[in-house]
Every structure is written in structure tokens, then in C-alpha cells.
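Read through the structure below, which is laid out as C-alpha cells, and then see the notes.
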Amino acid sequence: MEIGPGFDDSDRVVRADRFVVPDEYRERVRGKHVLVVDDTWTSGAKMQSAAVALSDAGAAQVTALCVARWCRYDWPDHRELLDSCTEPYDAFDCPVLGEDCVMG
Numbered sequence: 225m226e227i228g229p230g231f232d233d234s235d236r237v238v239r240a241d242r243f244v245v246p247d248e249y250r251e252r253v254r255g256k257h258v259l260v261v262d263d264t265w266t267s268g269a270k271m272q273s274a275a276v277a278l279s280d281a282g283a284a285q286v287t288a289l290c291v292a293r294w295c296r297y298d299w300p301d302h303r304e305l306l307d308s309c310t311e312p313y314d315a316f317d318c319p320v321l322g323e324d325c326v327m328g
């Protein structure tokens, strides 16, 4: 995946042209389940834009995995989310299937 013509670092809008899958990699994406990893989820626009580009390139399914999320207790919608996190985090639980991740 490469930065597309619509990439704007300050823009928090989902854009179909933010990223592109170069022609030489489209065959590797077509029909596949692709995992996109992002370091921090702020608005989700970049992650969702990447999913659009991969879908447009023929990916059968796109799963997004974000390592971190900006949250603050003083933001009302965040407080509800933070208060709902009562179970310990297990990195080996699959975020898609809700069971043990297949490794290897």
C-alpha cells in the first residue's frame, strides 16, 4: 500500500484516494483476507481509508487491528467505553472470531 493523491495528514475524513495498492501488488491482495495494523486510532479515517483501498484492489475481507486508542474520561462517549472495559485484555483472543488466535 502506498500513500495516494488524497492523503492529507490533518484530514480526518475517510477518502477512497488516501491510499492505493500498486498494480504489481494487486494480485497478492485479490481474494485475500488482509490485516491492516495501525499504531493509534484517533478518528479512524486512515484505517477506514486503507480498508477502502484494499477492497477496491480486490481484497475479499479486511480486518483492522489498532494497537492503541486515544481515550479520555472527560469525553462523555469515552467514559462509557472505558467503564465497560471490565475484562482483562488477552492478546491471544481473536478480535474477529472471539476465540483463540491461530498462530503460525
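Quick note on numbering: our numbering labels position 88 of the sequence shown as 312, and the sequence is numbered without any gaps. A virtual CB, placed ideally from N, CA and C, is assigned to each residue, including glycine.
Rounded Cβ spacing between residue i and residue j (contact assumed at less than 8 angstroms)
| i | j | result |
| --- | --- | --- |
| residue 275 | residue 260 | 6 angstroms |
| residue 238 | residue 273 | 5 angstroms |
| residue 228 | residue 242 | 5 angstroms |
| residue 284 | residue 255 | 5 angstroms |
| residue 316 | residue 307 | Between residue 307 and residue 316 the Cβ distance is about 25 angstroms, and since that is not below 8 angstroms, they are no contact. |
Limits of the alpha helix (DSSP H) - the one that residue i falls within
| i | result |
| --- | --- |
| residue 260 | That residue, residue 260, is in no alpha helix (DSSP H); its beta strand (DSSP E) goes 257–265. |
| residue 249 | 247–253 |
| residue 239 | Segment: none, residue 239 is in no alpha helix (DSSP H) and carries neither H nor E. |
| residue 307 | 300–308 |
Identity of the residues DSSP links to residue i by a beta bridge
| i | result |
| --- | --- |
| residue 293 | 265 |
| residue 285 | 257 |
| residue 324 | 317 |
| residue 244 | 226 |
Pairing CB atoms from the region 255–271 with CB atoms from the region 281–299, are three or more of them under 8 angstroms? Yes, the region 255–271 is in contact with the region 281–299.
Evaluate contact between the region 263–271 and the region 296–313, counting only Cβ atoms and requiring at least three cross-stretch pairs below 8 angstroms. no
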